[in-house]
Amino acid sequence: MASAALLAITPHRIGAYVTFWLLLLLLAGCGGGESNVVTGNRDGVLHYGNGAEPQGLDPHVVTGVPENHIIRALFEGLAVKNPITLEPEPGVAERWEFSDEGRVITFHLNPDAKWSNGDQVTAGDYVWSWNRALHPMTGNEYSYMLFPVVNAEAYLKGQITDFSEVGVKALDDTTLEVTLNAPTPYFIQLMDHYSTFAVHPETLLQFGEMTDRYTPWTRVANIVSNGAFKLTEWSLNRRIIVEKSDLYWDRDNVSLNKVVFYPTENVVSEERMFRAEQLHYTQVAPLDKIPAYREMPDSPYVQAPYLGTYYYLINTQRPPVDDVRVRKALSMAVDRDKLVRTVLQETAVPAYSITPPDTLGYYPPKLFDYDPEQARALLAEAGYPNGEGWPGIEILYNTQEAHRKIAVAIQQMWKSELGIDVTISNQEWKVYLDAVSQIDFQVARRGWIGDYVDANNFLDMFITGGGNNNTHFADPVYDDLILYKAPKAATREERYALFTEAETMLMEQMPIIPLYTYTSKHLIHPSVEGMYANLMDSLNLKYVKLIPGRSLPEELR
Amino acid sequence: MLRFILMRVLQALPVIFVVITATFFLVRSAPGGPFDQEKVVIPEVKKALEAQYRLDLPLHEQYFAYLGDLAQGDLGPSFKYPGRSVNEILFSGLPVTAELGLYALMIALIIGVTAGVVASLRPNTAQDYVPMSLAMIGICMPSFLLGPLLVLVFGIWLDWLPITGWGDIPGDKILPALTLGSAYAAYIARLSRAGMLEILSQDYIRTARAKGLPEWRVVTQHALRGGLIPVIAFLGPAFAGLLAGSFVVETIFQIPGLGRFYVQAAFNRDYTMILGTTVFLSSLIVFFNLVSDIIAAWLNPRLRHQLSGGGS
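For the protein sequence lines, the chains are W and E, in the order given. So the numbering used here is basically just the index in the first sequence, starting at one, shifted up by 18. So the numbering used here is basically just the index in the second sequence, starting at one, shifted up by 178.
Written as structure tokens, this is what we have:
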């Protein structure tokens, strides 16, 4: 009986019925409309391609670049970077002064600096937040940003447990005194890094302990922040919307009303969204389309050197690259100009040192050049004339088409210039990371993006036993230069001379083969003003303005 | 019928348990962990992180702790997205992916069944070859090629439809659904053609024709029900496959669904997320297989008779 009743609704009738309604739903309101850019320009809404869904928005927990963009819209540090010069300018602190030969910094907080719930941002908030950022239980991967502060490292490592021994004190509500281990010229810059930002203690404590990593305090309904914008929507993997804050101290200079961040993971889709005027700004540009974009008059493509170096690590303990002559030969046999011109489509700058040029006025020395003659001579000296007796070598890279292309090009250059056999091998990202940290390779691809604009951030990687050294390179003279001499230098010139000395030592031992300096590559709609190209690819949304009535070049319409 | 369903559910449970166990230990045996990054993590920090996520316990204790949480429906916190639980991420993406899958399936059915039936009516003529060749192309064409092609034509050249988003701009659901559905449309076309060909040669169809029914009534009233049984049997696994396989389409069209999390969890070594998505999707596959078995049984008079107590 039951089955007879079921049969009364015949299968294809259900099908037709459901299909009809679903199609109706699918087609609902089909038709064009104004693009995001047109409406955005009218209402002051910036549509921003942000590259990926952020891990989260807790400044002491997350680590990535997409996170940085959103967090720096929501929060503000003691000092911010000028988007043109990258020199520090006032943020929460309206001024600061140095004493005790630069070892003590006194920050004077702006009394108008407010949290988005109306509370004043106090020096005490900073002491609490830095305690959180440095507490061993928090697990803040960027805690080392605060290591220049007295006892900060010892506190993180659990060697001391009393935070009052750490060199940060609230003298009153608006005066914060920070004591450093040694004069640290780049310390003010670090105040614009989110790991040193203050969070609102009462809000966090409402949802858990100080050191908890995963409470819901950053959700739209809960978050309290102190930046130019406040969070109004967070739809996972869809978009994040921030709105201008009425309580921000410098609100009169904020032009945008809203910013919409999109998790544009797919580079090609992002470029299409840009062409369809759904985005004002893209995080990157697809490599194969860059030449076409370059040729356009009034091109929306903007490229600038970026504070990052692409290089090959060498395991200095594994033959045949344990011989410095072999390492030098390999480095000299790479035609970086050709690599940049062909494989990289001119989207990079050839590099002959680990530090990128013009890092806050520091220019690294160029100590060698593409020189196949000398490379062959060095290789012969090391016992492999014309590649005879060469035991073979392997280049390791993480699985990605771009890295493969570069490895193939280098393999080819080494083969044709030096007559040696080279194999290339790829590993999945985490497997590769494991191999690099265990130094289980001969030659491995590596990239380093600076956390702050200072040569120290590149050069201190190669101190003995440094966590990011990964080459077995160890030299006490080098360590002395980086750890003791440079921080004590009286002037910028003196300091940069010491860096030049360190850089020279590094290239004489050649534990790494620098290949190129990165560039930032964005598509920016002509209606956007105030996005300045700089070495940090650092954008302060407070300075961005939208001018209606401007459209993309003809070629893209 | 009830006993049949009960038996199938009981068979499904050990399958899911094996999936959980195998995934748990396989994932852990992969090199690298959730907190390994390009910039090395300070050992003290890494230890604190591992303690916060129970990774400092022996592996078997972690396993039992996980099973305990799972029994209470808790899939744990995500490693990659601190502040979000796996449950929350799954349930934020699921409705979107399910909606996309449903539309794709509808499109696949409409195009596939029509093409299959049309082809089966005149086998080995142009009416057969044209839709079946198109179906072959549909099967061969990967969605990472078809998607951008559709976008280029309908989104950029003709400017008829939005090219990304989901529910933001009217009409933005059409291209993704079409892209995802087309490969399945091709399979369905081939299945329905084969099913129809078999049925159309049966005696009862000859009888229907002999009594003078017009051809369209023969097809819609007599042949279709039997001819589509292979299609119905395919629908369950197909829908589960659509849910699990929408990653590419979701990436191309910027859709906030489940697929992206499913794939990226593996790259990120987001242990709880890998387990959560795998357990969830394998349960779905088992469930849909069950449903399609039941529907197929209900559609097939012989099997139905057997199950409702007549036979065995």
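In this text, a Cβ means the ideal position worked out from N, Cα and C, and glycines have one as well.
Can you find the residues in the same chain that come closer than 6 Å, C-beta to C-beta, to residue i, ignoring five residues on each side of it along the sequence?
i, result
"E627/W", "Because chain W in this structure spans residues 19 to 575, residue 627/W falls outside the shown range and cannot be described."
"T417/W", "N444, E446"
"F332/E", "W338, L339"
"H153/W", "T229"
"P382/W", "S371, T373, E521"
What's the gap between the Cα of residue i and the Cα of residue j?
i, j, result
"G67/W", "L297/W", "6 Å"
"N54/W", "F292/W", "10 Å"
"E547/W", "S213/W", "28 Å"
"L421/E", "F459/W", "40 Å"
"N255/W", "H65/W", "15 Å"
"V457/E", "A504/W", "55 Å"
"L189/W", "G245/W", "24 Å"
"D234/E", "E266/E", "25 Å"
"M179/E", "H400/E", "25 Å"
"K175/W", "S117/W", "28 Å"
"V367/W", "P544/W", "26 Å"
"T535/W", "K307/W", "20 Å"
"G379/W", "D498/W", "23 Å"
"A226/E", "I220/E", "10 Å"
"Q363/W", "W344/E", "34 Å"
"D387/W", "E519/W", "18 Å"
"P326/E", "E289/W", "12 Å"
Determine the contact status of residue i and residue j, defining contact as a CB-CB distance below 9 Å.
i, j, result
"M310/E", "R371/E", "yes"
"V441/E", "L358/E", "no"
"Q275/E", "G437/E", "Inspection of the sequence shows that residue 275/E is occupied by Thr rather than by Gln. Yes, Cβ-Cβ distance for T275/E and G437/E is below 9 Å."
"G226/W", "E216/E", "no"
"H78/W", "T156/W", "yes"
"L557/W", "H87/W", "yes"
"L348/W", "I424/W", "no"
"N478/E", "I433/E", "no"
"V461/W", "I413/W", "yes"
"A131/W", "E85/W", "no"
"V139/W", "V110/W", "yes"
"P374/W", "L331/W", "no"
"L413/E", "S360/E", "no"
"V449/W", "A208/E", "yes"
"V409/E", "I366/E", "yes"
"S460/E", "V205/E", "no"
"M374/E", "V469/E", "no"
"S134/W", "L564/W", "no"
Give me whichever residues DSSP pairs with residue i in a beta bridge.
i, result
"H540/W", "V320/W"
"N444/W", "Y415/W"
"W114/W", "F125/W"
"G326/W", "I467/W"
"H65/W", "V278/W"
"I531/W", "Y330/W"
"T193/W", "H126/W, D190/W"
"T482/W", "BP columns for T482/W are empty, so no partner."
"Q138/W", "K132/W"
Below 8 Å CB to CB, which residues in the same chain sit around residue i once its five sequence neighbours on both sides are set aside?
i, result
"D493/W", "T482, M523, Q527"
When you compare each of the options to residue i by their alpha carbons, which one comes out closest?
i, options, result
"P340/E", "I430/E, N467/E, G437/E", "I430/E"
"G419/E", "P209/E, F465/E, Y244/E", "F465/E"
"I500/E", "T199/E, A364/E, W476/E", "Residue 500/E cannot be examined here, being either before or after the span of chain E that is shown, 179 to 490."
"P166/W", "V122/W, T192/W, W133/W, T193/W", "V122/W"
"Q230/E", "L245/E, V218/E, H238/E, F213/E", "F213/E"
"T201/E", "G454/E, D346/E, L468/E, I463/E", "G454/E"
"Y470/W", "L164/W, Y173/W, E419/W", "L164/W"
"V63/W", "I258/W, E105/W, V80/W", "I258/W"
"K346/W", "L208/W, M525/W, T202/W", "M525/W"
"K276/W", "P566/W, E159/W, L559/W", "L559/W"
"W267/W", "Q301/W, F247/W, V168/W", "F247/W"
"A297/E", "D448/E, G405/E, I463/E", "G405/E"
"P315/W", "T57/W, P571/W, E52/W", "P571/W"
Can you find the residues in the same chain that come closer than 7 Å, C-beta to C-beta, to residue i, ignoring five residues on each side of it along the sequence?
i, result
"L272/E", "L436"
"P354/E", "L278, V427, F431, I433"
"I491/E", "For chain E, the structure presents residues 179 to 490; residue 491/E sits outside this window and is missing."
"D340/W", "T334"
"A46/W", "Because A46/W carries a pLDDT of 48, less than 50, the predicted location of this residue cannot be relied on, and no value is offered for it."
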